[in-house]
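The block underneath contains the structure these notes are about, expressed in structure tokens.
In the numbering used here, the protein residues as written are 200 to 496.
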């Protein structure tokens, strides 16, 4: 004989409440159950805002994140910021609590039951929400910066993010020397480094945006090879934060680790800022390309 569990009574009350709701509002009850089961049919492309004309910037210098508005596409018409009496937003990057929160992204990629997406601009944010709203047993986590995001209207793709990785900037034909992988809000470093390599060394670099490795795993092997070009005889370099905790070995030959910079330390971290700039990243990649070419030969 089965003994009723302590939760059976609550479950029975819940089902009884739903039944009464269905009798009073049958149409709304159907929609509610579809929401609960994540099977509500809708045209996601129409519900997500189209790309707006926003400022495009390759500036890779950190900005203050305590007084800027939230990322694009996330505010409604009557949105107002939550401000303290002193006139500054309540969130801050100063203090031990903020550091613990900032460490969370390094643990999230380890969750096999979640898509961890790091958009590089507002258009990719829109694509991330397309993924999150689709019926799925997978949890979707979208990592957004606190500062205003750069915009790449001619390079980013909301459809590309649904594939996990896509070509962000290509070189005509196969006349490229290296593939650079950019991730999330660190994309300006990758774009700036591409320009630096071409301008300083004449090195032609193609750029791949990889907002979600979990989605890359689900793509056919042919697609992965065509986008990432791993194993084609040309080096693949990923530019990402040092503590991202993402296993890049399968897709890249080397990782250029960006050093974290806290807003409270900007005046004391000039050397760190210099290392994170294209002028600091580019020479390292040049040395690696020479070593890679010499090893192949």
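Built from N, CA and C at the ideal position, the CB exists for glycine as well.
Query: Using 8 angstroms for Cβ pairs, my map puts residue 383 next to residue 477. What's the rounded Cβ distance?; Result: Going by Cβ atoms, the distance from residue 383 to residue 477 rounds to 17 angstroms, so no, they are not a contact pair.
Query: Between which residues of its own chain and residue 211 is the CB-CB distance below 7 angstroms, once the five residues before and five after are set aside?; Result: none
Query: When we look at the beta-carbon of residue 490 and count the other beta-carbons within 10 Å, is it buried (16 or more) or exposed?; Result: exposed
Query: Please look up how many angstroms separate the CB atoms of residue 378 and residue 435, rounded, as I've assumed it's under 8 angstroms.; Result: 5 angstroms
Query: Select from 364, 405, 455 the residue whose C-alpha is nearest the C-alpha of residue 423.; Result: 364
Query: In this structure, how does DSSP classify residue 439 when only helix, strand and coil are distinguished?; Result: strand
Query: Per DSSP, what kind of secondary structure is residue 212 in: helix, strand or coil?; Result: helix
Query: Can you tell me whether DSSP reads residue 393 as helix, strand or coil?; Result: helix
Query: Enumerated in chain order, which unbroken segments of the beta strand (DSSP E) with a length of 3 residues or greater are wholly contained in the segment 335 to 414?; Result: 338 to 341, 365 to 368, 377 to 381, 404 to 408
Query: Let me know the secondary structure DSSP gives residue 451 once reduced to three states.; Result: coil
Query: Count the other CB atoms within 10 Å of the CB of residue 321; is the residue buried (16 or more) or exposed (fewer)?; Result: buried
Query: Here's the rule: buried if 16 or more other CB atoms are within 10 angstroms of the residue's CB, otherwise exposed. What is residue 498?; Result: In the structure as shown, the chain starts at 200 and stops at 496, and residue 498 therefore has no counterpart that could be examined.
Query: Quick one: what's got a C-beta closer than 7 angstroms to residue 488's C-beta in the same chain, skipping five residues either side?; Result: 376, 377, 402, 434
Query: Compare the beta carbon distance of residue 313 and residue 332 with 8 angstroms and say whether it is the shorter of the two.; Result: no
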